[in-house]
Amino acid sequence: MARKEEPKIQPNNDLEKKIIEAFEVFDHSGKQVVDVREIGTILRSLGCCPTEAEIQEVILATENKEATGNVPLTNFLPYMCKVMIEHRFYPASAEMLLAAFRYFDTEARGYLTKERFAKLMMEEGESFTQEEYDEMMQTALDPVTDTIMYEYYINQLMVAPKDVYNLADAIEAERKRLEAAAPKKRRASSLLRATGN
Amino acid sequence: MFSLAEGCGCVSFRGGRRTRSQGDDSSSCRSSEIEQEVPQRSGKRLLNGECTMKALVPFLKFWRRDDVSMTKAERTMKAAILIQQWYRRYLARMEVRRRYTWTIFQNIEYAGEHDQVKLYNFFNALLSHMMDTNGRPSSERTSRTASVLEQVFSEESDEGGGVDETAPPKPSRGPDVEFPLQRKDIDLLIEAFRKKKHRLHPKHVAQILKEATQVLKRLPNINVATTSISSQITVCGDLHGKLDDLLVIFHKNGLPSPENPYIFNGDFVDRGKKGLEVFLLLLACMLAFPGGVFLNRGNHEDLIMNSRYGFIKEVHMKYRHNAERLLKLIECVYRWLPLGTIINNRVFVVHGGISDTTDLDMIRSLERDKYVSLLRPPVIEGSTAAESIDKVEWKQVFDILWSDPQCIGGCVANALRGAGTYFGPDVTASFLQKNKLSFIIRSHECKPGGYEIMHGGNVITIFSASNYYELGSNKGAYLKLCGNSLERQFVQYTAAVSRTRRLTFRQRVGLVESSAMRELHNQIMMARRSLEATFRSLDSEQSGFISISDWCQAMEETTHLGLPWRMLKDKLVRTDPETRKVRYMDTFELNTNRNGRKSDTLTVVETLYKNQRSLEAIFKILDKDNSGYITLEEFSEACQLIGKYMPNPMTQEQLVDICRLMDINKDGLVDLNEFLESFRLAEKSLHEQERMYEDMQAT
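If you read the sequences in order, they're chains R and S.
By UniProt numbering, the letter at position 24 of the first sequence is numbered 24, and the numbering carries on one by one without gaps.
By UniProt numbering, the letter at position 455 of the second sequence is numbered 455, and the numbering carries on one by one without gaps.
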């Protein structure tokens, strides 16, 4: 698109390209910044599964300090690469999710009542807004029994392959390999230290 | 770890095997099949059979362990958070799909407009150049060329303007409106248009158009509107033939009157199926309620745009025998539509926007009726086209009807649309200050919420066609300005909600997305030859696979659509999970959809093909040495000479780009027959789509 005039950040590998592309979908101005309120969506679209609290952490770490309210790509990209390599915000396994539902299903009936689930989602944890809740109910609620048949519902949530983390692993492994193969450079300071200075 | 089966086919991958989700998407997400979304109550659980209670035990223990120092409250909180963060991630992915789907539609739409404008600019200039160099405007060759090119650009014949009123009056079953129009006639029209049973008699249509032209002729180039009588005024944006939205607006906000005035900000026709009804209803309201309706011209109030975006076809379909005459009358209305409106000397309402050179005095004083179409040089009776092009004035009109606001400062040519400018907040601020205005209201761009405020409140975009790209794609909105302070009140709505049951966000996304993917597929197929060549050149081992990066780059370099290809790749090609390479030939496959919708975007070349003889004539002009071939050199030479006639001067590169549009890329030579052959394929697919559309209409 013709609007971009600033020099663009050049990606070094596939992982960076993926992160940049996800970022750019939300970059309306073409200036390589996004609104802080989109950070959660960007993280999740890449495959991460952060909590709301964790998203706040990311915002604090990457926000533009002079002009708060937006996050520039120059901060976001290195931070995200690290996140991927360290496997942070890694989505919990499906079994964990299923077990979490089962935890609430004290009588092991295989479903949760609408009322109980509403109370949980709206009052516990990082509660849903009314909008989020209504939207969830449209898919989660079984209209026949008027309950949350969570085992079926979980299928709908299982969407993301974790390949962005695998990609990060591959890139990191490659980098380590190259580092090991390259001759070790020694800093002058370490040489000096070695001589007992 | 076991893997749970995946849900609805909207999701791309099932364990490595690519599902043909494009075709299935639309059917599984259509309202009639909503039941599919609800999990079936079968005896078999959808979880993989290995998920027995035994396997789950260690995980359950995590939540129930007493040795871990977690209070019950903490455990509850953690479990709830887990569910919530999973759900939010799912929601976010939907949101991202919605965003890039939007981008697909918008970029294709603008790229299409861009092609259109570029090619017409080029041929217009060609026309002028021909007249210039020959020096004898009345020479046979140039006048033949001129009339041939005329035919290329307009589908009108040269018939007179009158509808055949000498024919014996058939008992008309359409609404019987009486002139001068009154409130009761408006009600009749609305009923008739809504029920679509019997058409308005063509003589009534003609009379509405003729009377409207008379009224519009008396208006200045920039309307003057005031809230002194009504103490409020309503502004509506693009309607694009969506009668339902207009009726929703009238239902919510009342019919127009001097006490309830409306400003309609252009783009009444094209794309939607009821452009004629919308247009006639607006004109009828203007006639029946003097002082209640102000109309601004939009960039689609232009027969050249209409020939591409569907309005001309609509008129032909609805009034087979009188189409040509009616179109001539419609053209008169277009010419006399005012270019903008100013409310209370404070608010400037115009369809596109402004530029850093916008001069309201010049706009007020020009003769707007000579701009028959914005995409052709203004016409003055009695002189040749080459003589009377006033490019400065032409640009003024172009800019206010085609520009878009941008967030960054400055003012640059609008390369995406091919016409008008992008204007920044500083341009807006200085324009408002210079003209002592408070803010600008414009339309021209579709927005998810129906409206958008930019430039710190100095520019408001208002868009009134809901579900513009697809059912569920966006809301429509109108703006009420109340009281002398012109306080802003936005009202949003979605038309036709009752026709489909309430779709979940996911279903809406799926629906819009599958429509977008079809559009995208059309674009890809148009560029197929060049894409295939690029892919093969990147595939040195002829393995059928290339890297993801190579594929993304190839797609962007060929289509120039500016889309997030990496995100889209799973919907377009299969990736080998081990080598992480992409099977590029998959790009061209798409299940021909059972519920095929007619594509609204005819390409320029398809439009041209309808005028095959014109094409041949154009080629003969270019083929100076009569060799039967056109070389790239011959073409560039012509382009260089023409360069100075373009309203927005183009670089050599851009002109060569036009060659790309016309597919002149075979070793620098084009054989006319082969060239026409490739158009035959375009026409064939066009007929197929039309047939599918008719089938769909019939059901």
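Think of the CB as a built atom: it goes at the ideal place given N, C-alpha and C, for glycine as much as any other residue.
None of the values given here were measured: they were computed from a predicted structure.
Per DSSP, cross-strand counterpart(s) of residue i
i: S/T575; result: S/V582
i: residue 704 of chain S; result: Nothing about residue 704 of chain S can be read from this structure; chain S reaches only from 1 to 699.
i: S/Q232; result: S/C482
i: residue 752 of chain S; result: In the structure as shown, chain S begins at 1 and stops at 699. Residue 752 of chain S is therefore absent and cannot be evaluated.
i: S/F490; result: S/L479
i: R/L141; result: R/I148
i: S/Y451; result: S/I462
i: residue 703 of chain S; result: Since the first and last residues shown for chain S are 1 and 699, residue 703 of chain S lies out of range.
i: R/D35; result: R/N70
i: S/P405; result: S/F423
i: R/T113; result: R/T147
i: S/S257; result: S/N260
Proximal residues of chain S, C-beta to C-beta of residue i below 9 angstroms
i: R/H87; result: Within chain S, no residue comes near R/H87; the closest Cβ sits about 16 angstroms away, beyond 9 angstroms.
i: R/M80; result: Within 9 angstroms Cβ-Cβ: nothing; R/M80 doesn't reach chain S, min ~15 angstroms.
i: R/D169; result: Going along chain S, no residue has its Cβ under 9 angstroms from R/D169, so there is no contact; the nearest lies around 12 angstroms.
i: R/K17; result: I548, S549, C552 and R566
Beta-carbon contacts of residue i that lie in its chain and below 6 angstroms, excluding the five residues immediately before and after
i: S/G292; result: P256, S257, P258 and P261
i: R/I59; result: V36 and I39
i: S/K274; result: G241 and L243
i: S/A516; result: T101, I104 and F105
i: S/V248; result: Y493 and A495
i: S/G283; result: First, the residue type needs correcting, since residue 283 of chain S is Leu and not Gly in the sequence shown. Hits under 6 angstroms: I208 and A212.
Cβ-based neighbour list, residue i, same chain, cut-off 7 angstroms, excluding 5 preceding and 5 following
i: S/L329; result: G161, A206, L209 and K210
i: R/Q10; result: none
i: R/N12; result: none
i: S/F431; result: I354 and T358
i: S/R346; result: L437, S438 and L486
i: S/L538; result: I546, D550 and A554
i: S/T341; result: I222, N223, A225, I263, F294, N296 and V349
Contact list for residue i against chain R, beta-carbon separation under 7 angstroms
i: S/S81; result: Before going on, a small fix: residue 81 of chain S reads as Ile here, not Ser. In chain order: T51, G125 and E126.
Contact set between residue i and chain R, taken where Cβ atoms lie within less than 8 angstroms
i: S/M77; result: E124 and G125
i: S/R518; result: Ordered by position in chain R, no residue passes the 8 angstroms Cβ test against S/R518, which lies about 21 angstroms from the chain.
i: S/C482; result: The premise fails here: S/C482 is roughly 28 angstroms from chain R at the closest Cβ pair, so nothing lies under 8 angstroms.
Neighbour list for residue i in chain S, Cβ cutoff strictly below 7 angstroms
i: R/R44; result: R88, R89, A92 and R93
i: R/L21; result: The amino acid occupying residue 21 of chain R in the given sequence is Glu; Leu does not appear at that position. Within chain S, the residues near R/E21 are P564, R566 and M567.
i: residue 233 of chain R; result: Any question about residue 233 of chain R goes unanswered here, given that chain R covers just 1 to 197.
i: R/D14; result: I548 and S549
Cross-chain neighbours of residue i in chain S, by beta carbon under 8 angstroms
i: R/G40; result: R88 and A92
i: R/E24; result: P564
i: R/M84; result: Those do not exist, as R/M84 stays about 15 angstroms from chain S at its closest Cβ, beyond 8 angstroms.
Cutoff 8 angstroms; reference residue i; Cβ partners in own chain excluding five residues on either side
i: S/G456; result: P425
i: S/L287; result: P180, L181, I208, E211, A212 and V215
i: S/P338; result: L216, L219, P220, N221, I222, N223, F294, L295, N296, R297 and R368
i: R/Y165; result: G47, M84, H87 and Y90
i: S/T76; result: none
What residues from the UniProt domain "EF-hand" (92-127) of chain R come within 8 angstroms of chain S, judged by C-beta to C-beta, listed N to C?
-> Contacts with chain S (Cβ-Cβ distance below 8 angstroms) from the UniProt domain "EF-hand" (92-127) of chain R involve A92, S93, A94, E95, M96, L97, L98, A99, A100, F101, R102, Y103, F104, L120, M121, E124, G125, E126 and S127, listed in chain order.
Residues of the UniProt domain "EF-hand" (526-561) of chain S with a CB closer than 7 angstroms to any CB of chain R: list them in chain order, please.
-> Against chain R - using a Cβ distance shorter than 7 angstroms - the residues of the UniProt domain "EF-hand" (526-561) of chain S are I548 and S549.
Which ranges would you report for the beta strand (DSSP E) in the stretch 274-342 of chain S if only whole runs of at least 3 residues count?
-> 293-295, all fully within the stretch 274-342 of chain S.
Contacting positions in the stretch 80-104 of chain S - beta carbon closer than 8 angstroms to chain R = Against chain R - using a Cβ distance shorter than 8 angstroms - the residues of the stretch 80-104 of chain S are A80, I81, L82, I83, Q84, Q85, W86, Y87, R88, R89, Y90, L91, A92, R93, E95, V96, R99, Y100 and T103.
At 4 residues or longer, and completely inside the stretch 172-237 of chain S: list those alpha helix (DSSP H) runs for me, N to C.
-> Entirely contained in the stretch 172-237 of chain S, the alpha helix (DSSP H) runs reaching 4 residues are, in chain order, 183-195 and 202-217.
Could you list the residues in the stretch 180-191 of chain S with a C-beta less than 8 angstroms from some C-beta on chain R, going in chain order?
-> The stretch 180-191 of chain S vs chain R, Cβ under 8 angstroms: nothing.
Can you list, in chain order, the residues of the stretch 449-479 of chain S whose Cβ is nearer than 9 angstroms to any Cβ on chain R?
-> Residues of the stretch 449-479 of chain S with a Cβ closer than 9 angstroms to any Cβ of chain R: none.
Mind listing, in chain order, the continuous beta strand (DSSP E) runs of no fewer than 3 residues lying wholly within the UniProt domain "EF-hand" (526-561) of chain S?
-> Runs of the beta strand (DSSP E) inside the UniProt domain "EF-hand" (526-561) of chain S: 545-547.
Which residues, in order along the stretch 346-357 of chain S, keep a beta-carbon less than 9 angstroms from a beta-carbon of chain R?
-> Within the stretch 346-357 of chain S, no residue has a Cβ that lies closer than 9 angstroms to any Cβ of chain R.
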